[in-house]
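Scroll down for the structure; my scribbles are underneath it.
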Amino acid sequence: MAQQNQPSQQGQTARRLSLEDCIQIALEHNRDIQIERINPRIARLTLDASYGYYDPSLVVSGGHEHRREPGGFDPADLSEYEVHDAENDYAKVGLRGTLPTGMRYEFGGDYVHSFGLREAIDYETYGVVANMSVTQPLLRDFWTDQARTTIKINRKNLRISELGVGFILMEVVHKIELAYYELAFARENLQVQRKLLEVRKAFQDQAHQKVLAGAIPALEEKLAQAQVAAAETALIAARNAVSIAENELKTLLGDDFQSSEGIEWVPTDPLLVLPEELELRASWQRGISQRPDLAQLRVEVEKQDLNLRFRHNQLFPWLDLVAGYGRRGSSTFEQRLPLPPPASASRAFDQVWDGVAPRDLIGVIFTLPLSRTTERANYRASKELKEQAILRLKQREELVMREISDALITARADRDRVEAARRAAELAEAALDAEQQKLAVGQSTFYVVLQLQGDLAAARSQEARAKADYNKSLSMLHRAEGSLLDRHKIDIEYK
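Written out as structure tokens, the structure is:
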């Protein structure tokens, strides 16, 4: 975990952080990661919603109807005797839906109670119907249909969104490494510039004493003062570079800038040059198999294959197997006397229960579109879309291999730069020591020593730059081959 804030050398509060500390903080607070993590949740909800196609529907209706019909035609009086005066109470209930096999089902029941006057006869009727029917596609919409294809594609979209989280995590970790190494270099360069300023101020004091003693001309002191001013300018630029690098790292870690105002961020991991196997074919193999963006494109190909299968199925005609079964029951009574007719609803329900009047059917329905213009065009378009997705995948694989090759070449070059910069710093230090010894015995000048001091500072800064660039190039290589998260032991869990 991050170390406690401590006072720095300049009196500011220092927040000391390792690279792993920064990565762990970013996993919780980085805005890009927080935004991307929402996408799988959205994709999962979209997938859940697509299953709603199979939710059954309950349909209930009912009402009361009063109807009168004239029994004859009289131009003088259209409402002359009425031979039909009926009251109807009815209710219907049905349950319908679709199964994952494409089968459509429906269960229903009807209830009717009718009573009134017909041809001067009182009547009462109870009618009850219970039935069920199923329709199973045997060609079009059999092995796949729009609903099943949508569900499968939404599953693929969920996987793509999960891989997108992995890709963003990899990108953020890569950016954090770059920012961390840049801050480490900026702080190391700041120390180099501070050291140079201290040395040149001490050298200026030494020159001043010698001018007072008459050992050297006043011009030599002016030269030392000019070099002190140049070192102060370089120190200001180095401090600015540290502040900019801190802000970059703070942004990646999701810092709000207000809580960290006045706090100095200090990397605790030194700029090391660790040996690494730089083998091109092994990196290519890792990149092709581990890159999340390549995995996303492979899933896109699978999505287009699902769509192609659906469009191929739609070329077939409809051949539906239909079957049904039902039972009816009724109770009817008519009489001329003005007495309530003794019809009974229970008698109608008993007939349904006993299966007195059953009904069953089985058959097929064949429907053949004569042109299928839309289906054929959609099928050809889906073939082109799949081919396009395959080409995008191949193109991306080629770019990844190029990216890995460039990163590996850069890493090798930066590794050689580190060794060359180290030797240059050692030689610059040896040259400065020798020239200072010559100056002590009067065999050199202040100008030469001041130049060599600047050369040594530049060599040390270049050595730090080479170390930072080498670590950056390794980060670029690990990102290119998709191994960055594994190297930091980051596992992605999806809820």
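When the letters of the sequence shown are read in order and numbered with numbering that gives the first Met the number 0, they come out as residues 0 to 494.
By construction, the Cβ of each residue, glycine as well, lies at the ideal position given by its N, Cα and C atoms.
{"Query": "Inspect the CB distances between the stretch 131 to 138 and the stretch 11 to 26 and report whether three or more fall short of 8 angstroms.", "Result": "no"}
{"Query": "What separation, rounded to the nearest whole angstrom, lies between the Cα atoms of Ser472 and Arg486?", "Result": "15 angstroms"}
{"Query": "Near Glu301, what residues of its chain come up, given a Cβ to Cβ distance below 7 angstroms and the 5 sequence neighbours on each side ignored?", "Result": "Lys155"}
{"Query": "In terms of DSSP beta bridges, what is Arg67 paired with?", "Result": "Asp84"}
{"Query": "For my contact list, Ala85 and Arg66 are in at a C-beta cut-off of 8 angstroms; report their separation, rounded to the angstrom.", "Result": "5 angstroms"}
{"Query": "Quick check on the burial criterion: 16 or more other C-beta atoms within 10 angstroms. Buried or exposed for Ser288?", "Result": "exposed"}
{"Query": "So, helix, strand or coil for Thr373, using DSSP?", "Result": "helix"}
{"Query": "Are Glu181 and Ala467 closer than 9 angstroms when you measure CB to CB?", "Result": "yes"}
{"Query": "Using 8 angstroms as the threshold, is the stretch 305 to 314 in touch with the stretch 141 to 159, meaning 3 or more CB pairs across them?", "Result": "yes"}
{"Query": "With contact counted as at least three CB pairs below 8 angstroms, one residue from each stretch, are the stretch 437 to 450 and the stretch 214 to 227 in contact?", "Result": "yes"}
{"Query": "Is DSSP giving Met475 helix, strand or coil here?", "Result": "helix"}
{"Query": "Measure the CB-CB distance between Gly328 and Tyr125 and report whether it falls below 9 angstroms.", "Result": "yes"}
{"Query": "Going by Cα to Cα distance, which pick from Leu94, Glu176, Trp283 and His28 is closest to Gly481?", "Result": "Trp283"}
{"Query": "Arg199: buried (16+ other C-beta within 10 angstroms of its C-beta) or exposed?", "Result": "buried"}
{"Query": "Out of Asp31, Glu197 and Leu94, state which residue places its alpha-carbon closest to the alpha-carbon of Val58.", "Result": "Leu94"}
{"Query": "Out of Val417, Ser370, Ser381 and Ala229, point me to the one whose CA is closest to Gln450's CA.", "Result": "Ala229"}
{"Query": "Need the endpoints of the alpha helix (DSSP H) that Leu116 sits in, please.", "Result": "Counting along the chain, Leu116 falls outside any alpha helix (DSSP H), though it belongs to the beta strand (DSSP E) covering Arg103 to Arg117."}
{"Query": "Since Asn38 and Ser160 should fall inside the 8 angstroms C-beta cutoff, what is the C-beta to C-beta distance between them, to a whole number of angstroms?", "Result": "4 angstroms"}
{"Query": "Out of Val164, Glu35, Leu195 and Leu293, state which residue places its alpha-carbon closest to the alpha-carbon of Ala479.", "Result": "Leu293"}
{"Query": "Can Gln452 and Gln226 be called in contact, C-beta distance under 9 angstroms?", "Result": "yes"}
{"Query": "Based on the DSSP output, what are the partners of Thr97 in its beta bridges?", "Result": "Arg103"}
{"Query": "With a threshold of 16 other CB atoms inside 10 Å of the CB of Leu251, please say whether the residue is buried or exposed.", "Result": "buried"}
{"Query": "If we ignore side chains and look at the alpha-carbon of each, how far apart do Ile235 and Asn188 end up?", "Result": "11 angstroms"}
{"Query": "Should Ala129 go down as buried or exposed, given a rule of 16 or more other Cβ atoms within 10 Å for buried?", "Result": "buried"}
{"Query": "How about Arg14 and Trp264: are their beta carbons less than 9 angstroms apart?", "Result": "yes"}
{"Query": "Taking all protein chains shown into account, decide if Tyr179 is buried (16 or more other Cβ within 10 angstroms of its Cβ) or exposed.", "Result": "buried"}
{"Query": "Are the beta-carbon atoms belonging to Leu455 and Met169 less than 9 angstroms from one another?", "Result": "no"}
{"Query": "Could you check if Asn306 is buried or exposed, using at least 16 other CB atoms within 10 Å of its CB as the buried criterion?", "Result": "buried"}
{"Query": "Can you name the start and end residues of the beta strand (DSSP E) that Thr148 belongs to?", "Result": "Where Thr148 is concerned, there is no enclosing beta strand (DSSP E), although the alpha helix (DSSP H) it sits in stretches over Gln145 to Leu211."}
{"Query": "From Gly108 to Leu116, what distance separates their C-alpha atoms?", "Result": "27 angstroms"}
{"Query": "Let me confirm a value: Gly61 is counted as buried when at least 16 other C-beta atoms fall within 10 Å, else exposed. Which label applies?", "Result": "exposed"}
{"Query": "Output needed for Phe365: all residues of its chain with C-beta closer than 6 angstroms, excluding positions within five of it in sequence on either side, in chain order.", "Result": "Leu318"}
{"Query": "Using C-beta distances below 6 angstroms, list every residue in its chain close to Gln303, excluding the 5 sequence neighbours before and after it, in chain order.", "Result": "Leu384, Lys385 and Ala388"}
{"Query": "Sort out for me which residues DSSP pairs Val241 with in a bridge.", "Result": "Val241 pairs with nothing; no bridge assigned."}
{"Query": "Is DSSP giving Asp268 helix, strand or coil here?", "Result": "coil"}
{"Query": "Who are the near neighbours of Arg139 in its chain, counting only those whose CB is closer than 7 angstroms to its CB and skipping five residues on each side?", "Result": "Asn312, Gln313, Phe315, Pro316 and Trp317"}
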